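Colleague:
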Amino acid sequence: MSEVIDFEALIKEVSKTCLGENQCGICEKDDCLIGYCKKGLLTSLKEQSEFIDDGMDGIPYDDTKIYDNEVIIDAIGFILNQCKNCNLYHDEECIINIVRSALEIILLGDYQEYRGSTLLYLEDIKNVDKEIADKVFQAFMRRKS
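In structure tokens form, the structure reads like this:
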């Protein structure tokens, strides 16, 4: 990948989706989808690596907290703009893929296959939930830098 991931911007964006310790108590990073994202981003930042081995396997599916879908949609729009559209070189263990996948679990109940292209992704999620796909597209366009 030629472009550098802006880890600080991603951490800030994911932090906006966090319910906070007032609602959750102590952050259980390994049991919380958002905490897991923040932990992965911090690890990637510290190691200056875009990839986390087995990062997809560690996503905590058991997180049943109710998040604000509009904030999650906006975060996915931002994240899609951070994606490098790797196409055939897409790697499931890319931190962008891991974070987006965790947010998809909140929004759609499961993570979605990402085929290395934002446009293909947006088309694919239309088959899951057209309304959410339209909102994600709008957030993606609004968050373009």
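Our numbering applies: residue 422 is where the sequence shown begins, and numbers increase by one.
Think of the CB as a built atom: it goes at the ideal place given N, C-alpha and C, for glycine as much as any other residue.
Small disclaimer: the values here were computed from a predicted structure and weren't measured.
Taking its Cβ as the centre, do 16 or more other Cβ atoms sit within 10 Å of leucine 463, making it buried, or is it exposed?
Modeller: On the sequence shown, position 42 is the one that residue 463 refers to. With fewer than 16 Cβ atoms within 10 Å of its Cβ, leucine 463 is classed as exposed.
Colleague: Just the C-alpha distance for leucine 440 and glycine 537, rounded to the nearest angstrom, thanks.
Modeller: Within the sequence shown, numbered from 1, the residue matching residue 440 stands at position 19. Within the sequence shown, numbered from 1, the residue matching residue 537 stands at position 116. Cα to Cα, leucine 440 sits roughly 30 Å from glycine 537.
Colleague: In the DSSP assignment, what are the bridge partners of phenylalanine 558?
Modeller: Locating residue 558 in the sequence shown gives position 137, where the first residue counts as 1. Looking at the DSSP assignment, phenylalanine 558 forms no beta bridge with any residue, so it has no partner.
Colleague: Have a look at the DSSP bridge pairing and note the partners of phenylalanine 472.
Modeller: Position 51 of the sequence shown, counted from the start, is the residue given in the question as residue 472. Partner(s): Cys515.
Colleague: One question on the structure: do isoleucine 487 and arginine 521 come within less than 8 Å of each other, judged by their Cβ atoms?
Modeller: Within the sequence shown, numbered from 1, the residue matching residue 487 stands at position 66. Within the sequence shown, numbered from 1, the residue matching residue 521 stands at position 100. It is not a contact, given that the beta carbons lie outside the stated cut-off.
Colleague: Less than 8 Å between the CB atoms is what I'm expecting for valine 557 and glutamine 533, so what's the real figure, rounded?
Modeller: What you label residue 557 is simply residue 136 of the sequence shown in a count that begins at 1. What you label residue 533 is simply residue 112 of the sequence shown in a count that begins at 1. Actually they do not touch by this definition, with Cβ atoms about 10 Å apart.
Colleague: So what does DSSP say about lysine 505, is it helix, strand or coil?
Modeller: Walking along the sequence shown from the start, residue 505 turns up at place 84. It is coil, neither helix nor strand.
Colleague: Closest by CA to cysteine 476, which one among Glu434, Ala523, Gln503, Glu442?
Modeller: Along the sequence shown, one-based indexing puts residue 476 at 55. This sequence places glycine at residue 476; cysteine is not what is there. Per the Cα distances, Ala523.
Colleague: Cβ atoms of isoleucine 432 and isoleucine 494: under 8 Å apart, would you say?
Modeller: For the purposes of this step, residue 494 is identified with residue 73 of the sequence shown, where counting begins at 1. For the purposes of this step, residue 432 is identified with residue 11 of the sequence shown, where counting begins at 1. Contact flag unset, no.
Colleague: So the candidates are Thr485, Val492, Cys504, Asp478; which of them puts its Cα closest to the Cα of glycine 530?
Modeller: Along the sequence shown, read from residue 1 onward, the residue named residue 530 stands at position 109. The shortest Cα separation from glycine 530 among Thr485, Val492, Cys504, Asp478 belongs to Thr485.
Colleague: Applying the 10 Å Cβ sphere with the 16-neighbour rule, what's the burial state of lysine 459?
Modeller: The residue labelled residue 459 in the question sits at position 38 within the sequence shown. That one is buried.
Colleague: With a CB to CB cut of under 6 Å and the five nearest residues on each side skipped, what residues in its chain are close to isoleucine 426?
Modeller: As a position in the sequence shown, residue 426 is number 5, starting the count at 1. Contacts found: Glu471.
Colleague: Leaving out five residues before and five after asparagine 490 in sequence, what residues of the same chain have Cβ atoms less than 7 Å from its Cβ?
Modeller: Against the sequence shown, residue 490 aligns to sequence position 69. Leu528.
Colleague: With DSSP run on the structure shown, which of helix, strand or coil describes serine 538?
Modeller: Locating residue 538 in the sequence shown gives position 117, where the first residue counts as 1. Serine 538 falls in the coil class under three-state DSSP.
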